[in-house]
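A short worksheet on the structure shown next.
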């Protein structure tokens with residue numbers, strides 16, 4: 236049975252539409268990152284520039300915090316939010332519009348990327364067709380990134396950029412340079428949304444290098460790609476280095492300028508590379524994920540799994556019959572598989588500048604989900620006549636991996652409408668939220684908090700009150716409050732209070748942090 240690209244994409248988009256509608260009609264989570272970026276958007280509309288109130292406050296607790304330029308997070312989401320708020324959108328509507336856009340564009344792109352992986356295997360029988368259909372329907376239902384952060388935009392951009400770069404590698408294509416330029420624009424937009432998106436720009440540039448057989452072609456393609464990328468990156472650089480009223484702290488960390496310290500961080504970061512296994516095991520039960528992503532010194536055998544993940548691009552290229560890098564990089568399947576190496580290597584390199592912990596943050600591997608399932612599908616159902624023993628072993632391992640994935644997906648989809656704790660966990664994953672609320676609702680999750688409503692009533696009655704809390708994300712994006720008097724309990728800088736002052740302290744267990752006992 237012939238697999239139509241449009242038919243496959245239709246399956247992905249139908250499932251994505253179900254997720255999108257359900258999330259739009261459910262109360263939304265607003266993560267810590269977005270609260271600050273939305274506050275910056277609100278201050279921008281008020282004429283205060285792209286600024287937020289200092290997160291650490293002043294030495295005097297009673298003194299209002301000063302406005303500082305937002306550099307901890309890039310400016311893209313704030314600009315988009317400001318545009319939507321200016322035409323009348325509420326904070327909740329901004330979250331849902333941006334999240335819905337990322338979801339539909341993302342699964343559309345991943346559906347297009349899935350087609351080359353599925354096309355040949357689809358013709359091998361009914362089992363492969365049912366498996367491919369189950370992947371297309373089940374993956375969006377359970378593994379759509381949450382809308383409470385900007386990860387979803389980078390995740391959505393990855394398949395589009397890879398597709399355009401590979402299509403542009405055809406030197407006979409009339410629109411090749413335009414596709415390179417478009418890929419550059421999308422990479423630049425992603426950098427404005429998330430600093431970690433630099434890996435995509437670097438990897439796209441590397442692919443162009445591998446694909447270009449002549450220096451002249453390479454120069455033209457890099458020029459086109461840079462013309463799209465650099466203006467947007469330059470905008471963020473300008474804001475950080477020339478507009479900012481404080482030292483720029485991308486992602487909340489300070490740039491390390493000590494070469495010896497950087498080398499030390501790189502050495503220390505090697506033991507954290509086992510976290511790269513998350514790109515292949517993210518769908519497994521939590522205990523299994525923890526076991527397979529623990530540090531190398533705790534379980535040396537995990538290094539073997541990491542080498543297997545890193546070897547996927549090479550194994551896949553050999554399976555497809557490629558012997559030269561230039562030819563392999565022109566196949567979107569091999570180019571996509573290269574992300575299993577590109578992402579952890581980028582995070583490891585970042586360790587030289589910002590500290591060795593970057594490779595351990597699992598959310599940074601979101602852009603490669605669900606790529607491992609595509610690779611496993613192609614390995615499992617494509618059998619060559621001259622298959623070696625190693626290739627046969629890889630095919631059987633891929634078949635087992637794919638079977639496990641489909642069993643987990645089937646079980647979790649069945650649990651979605653059922654009562655019970657396990658079913659609630661699946662619904663939370665489906666809705667991208669920490670807590671289920673009455674459905675439908677257009678509110679934000681924290682608006683249901685009785686404690687927050689109590690605090691707002693007190694602040695309305697006594698507007699000069701200083702609020703100290705470990706739930707600061709509940710208030711950062713609320714323009715009705717004087718946020719210059721809002722202080723984070725954990726990052727409190729104040730060493731004294733000049734009285735008289737009215738101080739309200741609110742502490743509760745946060746879904747974003749460890750239990751509050753750690754605060755005391």
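Numbering (the numbering used here), first residue to last: 236 to 755.
Note that CB positions come from ideal geometry on N, CA and C, so glycine has one too.
Cβ-Cβ distances below 7 Å link residue 515 to 544, 607 in the same chain, with the five nearest sequence neighbours on each side left out; the list follows chain order. Here residue 369 really is in contact with residue 644; their C-beta atoms are around 7 Å apart, less than 8 Å. A Cβ-Cβ separation of about 14 Å leaves residue 574 out of contact with residue 445 under the 8 Å criterion. Contact between residue 463 and residue 419 holds, with the beta-carbon distance rounding to 3 Å and staying under 8 Å. When secondary structure is reduced to three states using DSSP, residue 557 falls in the coil class, being assigned neither helix nor strand. Comparing alpha-carbon positions, the option among 266, 372, 313, 393 lying closest to residue 251 turns out to be 372.
A distance of 8 Å or more separates the beta carbons of residue 641 and residue 615. At a Cβ-Cβ threshold of 8 Å, residue 288 and residue 719 count as neighbours.
For residue 376, no beta strand (DSSP E) encloses it; the enclosing alpha helix (DSSP H) starts and ends at 361-378. In this structure, DSSP gives residue 537 a helical state, which the three-state scheme calls helix. Just so you know, the alpha carbons of residue 297 and residue 667 end up roughly 38 Å apart. In the structure shown, residue 287 adopts extended strand secondary structure according to DSSP, grouped into three states. By the neighbour-count criterion, in which 16 or more other beta carbons inside 10 Å mark a residue as buried, residue 495 falls on the exposed side. Counting only the Cα atoms, residue 475 lies some 21 Å from residue 318. With respect to the 8 Å criterion, residue 684 and residue 657 are not classified as neighbours on the basis of their beta carbons. Residues 717 of the same chain have their beta carbon placed closer than 8 Å to that of residue 698, with the five preceding and five following residues left out of the count. Contact check between the segment 259-268 and the segment 372-387: three or more CB pairs, one atom from each, fall below 8 Å, which counts as touching. At a Cβ-Cβ threshold of 8 Å, residue 304 and residue 285 count as neighbours.
Following the DSSP letters along the chain, one finds residue 516 inside the alpha helix (DSSP H) bounded by residues 513-516.
Separation of residue 399 and residue 243 (C-alpha to C-alpha, rounded to the nearest whole angstrom) is 19 Å.
The C-beta of residue 330 has 16 or more other C-beta atoms within 10 Å across all chains shown, which makes the residue buried. Per DSSP, reduced to three states, the secondary structure at residue 386 is helical. In this structure, the straight-line span from the alpha carbon of residue 651 to that of residue 353 is close to 27 Å. Excluding sequence positions up to five before and after residue 454, its CB lies less than 8 Å from no other CB in the same chain. A residue is called buried once 16 or more other Cβ atoms fall within 10 Å of its Cβ, and residue 320 is buried on that count.
With 16 or more other CB atoms across the displayed protein chains lying within 10 angstroms of its CB, residue 375 is buried. By the Cβ-count criterion, residue 703 is buried, with 16 or more other Cβ atoms from all chains shown falling within 10 Å of its own Cβ. When the five nearest sequence neighbours on each side are left out, the beta carbons in the same chain lying within less than 6 Å of the beta carbon of residue 585 are those of 593, in order along the chain. At the C-beta level, residue 513 and residue 524 come within 8 Å of one another. Per DSSP, residue 478 lies in no beta strand (DSSP E) and is assigned neither H nor E.
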